[in-house]
Amino acid sequence: MTTEDTEDTEKTFDFARKISSLCSVLSAISALFLLSVLLLLSVLSVSSVVNPSRSSTPPETTPLMPDLSSITFLVFDVDGVLTDGSIQLDDRGTETKSFSVRDGFAIRAAMRHGLKIGILTGRSSQCVALRMEELGVTHLMQGSRNKAIGIETLCQQAGVDLSSTCFIGDDIPDMPAMLLCGYRICPADAAPEVRAIADHITHATGGK
Numbered sequence: 006m007t008t009e010d011t012e013d014t015e016k017t018f019d020f021a022r023k024i025s026s027l028c029s030v031l032s033a034i035s036a037l038f039l040l041s042v043l044l045l046l047s048v049l050s051v052s053s054v055v056n057p058s059r060s061s062t063p064p065e066t067t068p069l070m071p072d073l074s075s076i077t078f079l080v081f082d083v084d085g086v087l088t089d090g091s092i093q094l095d096d097r098g099t100e101t102k103s104f105s106v107r108d109g110f111a112i113r114a115a116m117r118h119g120l121k122i123g124i125l126t127g128r129s130s131q132c133v134a135l136r137m138e139e140l141g142v143t144h145l146m147q148g149s150r151n152k153a154i155g156i157e158t159l160c161q162q163a164g165v166d167l168s169s170t171c172f173i174g175d176d177i178p179d180m181p182a183m184l185l186c187g188y189r190i191c192p193a194d195a196a197p198e199v200r201a202i203a204d205h206i207t208h209a210t211g212g213k
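Per this note's numbering, the sequence shown starts with residue 6, numbered consecutively.
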């Protein structure tokens with residue numbers, strides 16, 4: 006194997022590791038994201054490079070999964086994505102939400118693998134701030150009334166291009182931000198308008 010072949014193989018494995026990490030993280034978050042077949046396709050892509058004889062199609066024409074290697078920033082809405090959309094208010098008007106422990110595991114795993122995590126939500130609540138502080142998420146914007154401006158601000162803060170950002174939303178207010186991002190995901194019970202623009206619709210509903 007030539008040096009050039011070795012470099013190509015290493016690059017392919019690096020791409021596969023990034024995709025594997027992203028798919029693992031997204032699939033762990035409330036069992037929401039990215040079909041396992043996408044990961045399978047990335048593995049098959051690596052096999053074709055390492056052992057070209059196993060592929061009958063030239064590499065340049067082999068159909069591959071969407072190129073997610075450039076995605077480095079995952080931005081989530083909260084209500085309906087990290088939760089099931091329910092809001093609880095006690096007698097004092099204090100708002101509480103239920104978060105999945107798997108979300109926390111997946112978010113920490115994403116950050117360990119070098120992905121940046123952001124939160125962009127239209128509501129404001131102390132419980133969200135506390136949960137994100139617990140998880141180490143620093144790119145947090147609550148009370149956003151214009152999510153197009155919000156996502157641009159978050160990307161500037163994170164030093165990431167919009168094209169390298171994946172937004173996960175579920176309702177109409179999320180659409181302006183989703184349309185600006187490089188990749189768009191929504192849960193199965195998202196608004197029909199959101200489902201229509203999503204690059205990927207998960208099998209699970211929000212917060213599940």
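Beta carbons: idealized from backbone N, C-alpha and C, even for Gly. Being a predicted model, the structure only gives us computed values, none of them experimental.
### Query
Could you give the residue range of the alpha helix (DSSP H) that holds Phe1?
Nothing can be reported for residue 1, as the shown portion of the chain is limited to 6 through 213.
### Message
If you reduce the DSSP assignment to three classes, tell me which class Arg200 lands in.
### Response
helix
### Query
What number of angstroms, rounded off, separates the C-alpha of Thr143 from the C-alpha of Ala134?
9 Å
### Task
Select from Ala193, Gly109, Thr101, Lys121 the residue whose C-alpha is nearest the C-alpha of Cys132.
Thr101
### Message
Buried or exposed for Gly119, going by 16 or more other Cβ atoms inside 10 Å?
### Response
exposed
### Query
Straight-line CA distance for Asp204 to Pro197?
13 Å
### Query
Helix, strand or coil for Leu45 per DSSP?
Any reading at Leu45 is ruled out, since the residue's pLDDT is 35, under 50, leaving its predicted position unreliable.
### Query
Does DSSP classify Arg150 as helix, strand or coil?
coil
### Query
Are there 16 or more other CB atoms within 10 angstroms of the CB of Ala201, so buried, or fewer, so exposed?
exposed
#### Entry: Close Cβ partners of Gly148 (< 6 Å) along its chain, the five nearest in sequence each way excluded
Ser129
### Query
Alpha carbon to alpha carbon, how far is Gly141 from Asp96?
30 Å
### Task
To the nearest angstrom, report how far apart Val165 and Ala182 are at their CA atoms.
14 Å
### Query
Do the CB positions of Gly211 and Val86 come within less than 8 Å of each other?
yes
### Task
Since I believe Asp82 is in contact with Thr126 (beta carbons under 8 Å), could you give me their beta-carbon distance rounded to a whole number of angstroms?
6 Å
### Extent of the continuous alpha helix (DSSP H) run through Cys132
131 to 140
#### Entry: Contacts around Met146, its chain only, beta-carbon distance under 8 Å, and the 5 residues preceding and following it disregarded
Gly123, Ile124, Leu125, Thr126, Gly155, Thr158, Leu159
### Query
Exposed or buried, what is Arg2 when buried is set at 16 or more other beta-carbons lying within 10 Å of its beta-carbon?
In the structure as shown, the chain begins at 6 and stops at 213. Residue 2 is therefore absent and cannot be evaluated.
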